[in-house]
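Residues in the sequence shown are numbered consecutively from 1, following UniProt numbering. We put the CB at the ideal spot given by N, CA and C, even for glycine.
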Amino acid sequence: MKRADIQGLRTVAILAVIFFHIWPTYFPSGFLGVDIYAAQTFRSSAPSERQLGD
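Structural data, given as structure tokens:
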């Protein structure tokens, strides 16, 4: 089940990275979107991994 708040945060993270590559002077910290995206992906996959272990 996908949560809207996590999907929204992932969308913001992706946009931050895209804007960083297009306009690096205006979005100097856009690379942090990669960390946010990775953390949210890990967080959302943890319940699935737990379910596989049972």
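Using a Cβ distance threshold of 7 Å, residue 18 and residue 40 do not count as a contacting pair. For the set 15, 25, 4, 8, the Cα lying nearest the Cα of residue 33 is the one of 15. In the structure shown, residue 43 adopts helical secondary structure according to DSSP, grouped into three states. DSSP, read as helix, strand or coil, puts residue 25 in coil. Residue 30 counts as buried, since no fewer than 16 other beta carbons sit within 10 angstroms of its beta carbon.
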